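Numbering of the sequence shown is given in full-length UniProt numbering, commencing with residue 1 and proceeding in unit increments. Note that CB positions come from ideal geometry on N, CA and C, so glycine has one too. Being a predicted model, the structure only gives us computed values, none of them experimental.
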Amino acid sequence: MDERILKYFQNELDIAERLKLLREIEKDDILKKQFSEYQNIRALMNLSSYMENVEEGKVKYSHFTQWVLNRKRHQYLFKLMKYAAAVVLLIVSTCWLTLWTSSRLSNDNLIAETNTLYVPAGQRACITLQDGSVVWLNAQSTLIYPSHFWGTERKVQIIGEAFFEIAKNEKKPFYVVAQNVEMRVLGTKFNVYSYPETGLTRTSLIEGAVQVSCDDGREKVILKPNEQVTVRNGQMTVDLIEFPDALLWKEGIYSFNNERLIDITKKLELYYDVKIVVSSQQLRNIRYTCKFRQRDGIDEILKVIQQIHHFKINKDKEKNTFTLN
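Here is the structure:
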């Protein structure tokens, strides 16, 4: 078994290593099988320990009550039943405590189980978190989140792009961490674009209010609806959302408004996990306004763009590379 799988479940990998492993698992059937088998083994081990406690308690209690019923001397019955009650209480308490501690996590010395959801290229996914918040994930994106939100805050981490619809809870604010940027919300709808390859994090607010901070909280800004903030190299720039259709990706539509071909191809590379080389400088700067369905796939999208300006497309299947010239 790949040693990284063991380190993954022991939380010994950093974010970059976890993301790299998950992407390799998506493409490698052997790794995927090893990951799934080990995950199932851990789940069964955890389950079996709790079930053994419950079943063992039932067996012991059954033996004990039978022993009490078979006693001939009635003078001991009352004492024995008191002992039986004590034993039953101990067994039930032990089983209940075991199950309770396995599901509810203490803020002092226990950590909530961390889950990771990775969306492969050319797909998108939607997940409802334990608090009722809904998160849409774009292609090549990863959401890291706890199984339960205990304590005084809710916090998740996003790598890639996600659209959040946060369940309102004034007593427990929601935090989203993306690269070196943190967003604090109470109940709102907003989009986060934060692929590491782009070197930026952009938060676009649709509804409610979001406080965005970077540089360990030294730089902060509070967004209003229809505003977005772009963080690049620690610098924050706030402007209006000029092209809301860019957020249609959660409905399976990729929209581009007067964008250079080179900028469009950079996004398509992220969405479909391919390499696109635009060899002509003139071709790179041609601007397009267009919409595509995610399910159309990269081949069909490039063919549609090709019909507007008749460039050539050369595909290298082995390297998963497209060259436009």
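- In the three-state reduction of the DSSP assignment, residue 274 falls in the coil class, being assigned neither a helical nor a strand state.
- At the C-beta level, residue 190 and residue 164 come within 8 Å of one another.
- One Cα belongs to residue 216, the other to residue 245, and the distance between them is close to 32 Å.
- Remark: C-beta atoms of residue 156 and residue 181 do not approach each other more closely than 8 Å.
- Secondary structure note for residue 166: it is in no beta strand (DSSP E), with a DSSP letter that is neither H nor E.
- If you look at residue 253, you'll find it isn't in any alpha helix (DSSP H); it sits in the beta strand (DSSP E) that goes 253-260.
- Sequence-distant partners of residue 119 (beyond 5 residues in either direction) whose C-beta falls short of 8 Å from its own C-beta, in its chain, are 125, 137, 138, 139, 140, 141, 142 and 160.
- Counting C-beta pairs closer than 8 Å gives three or more between the segment 248-255 and the segment 291-304, which meets the contact rule.
- In the three-state reduction of the DSSP assignment, residue 140 falls in the coil class, being assigned neither a helical nor a strand state.
- Sequence-distant Cβ neighbours of residue 303 in its own chain, meaning closer than 7 Å and more than five residues away, do not exist here.
- According to the DSSP assignment, residue 223 belongs to no alpha helix (DSSP H) but to the beta strand (DSSP E) extending over 219-223.
- Within the DSSP secondary-structure output, residue 183 pairs in a beta bridge with 176 and 212.
- DSSP lists no beta-bridge partner residue for residue 284.
- Residues of the same chain with a CB within less than 7 Å of the CB of residue 166, apart from the 5 flanking positions on each side, are 133, 174, 185, 187 and 188 in chain order.
- Counted as a single uninterrupted DSSP element, the beta strand (DSSP E) harbouring residue 232 occupies residues 227-232.
- Taking the CA atoms as reference points, residue 223 sits about 27 Å from residue 266.
- If the five residues before and after residue 18 are omitted, its C-beta is found closer than 7 Å to the C-beta atoms of 8 and 116, all from its own chain and listed in chain order.
- For the segment 11-40, there is no continuous beta strand (DSSP E) assignment of 3+ residues that stays within its boundaries.
- Residue 266 carries a helical assignment under DSSP once its states are collapsed to helix, strand and coil.
- Residue 298 and residue 264 have their C-alpha atoms spaced approximately 12 Å apart.
- At least 8 Å separates the beta-carbon of residue 2 from that of residue 22.
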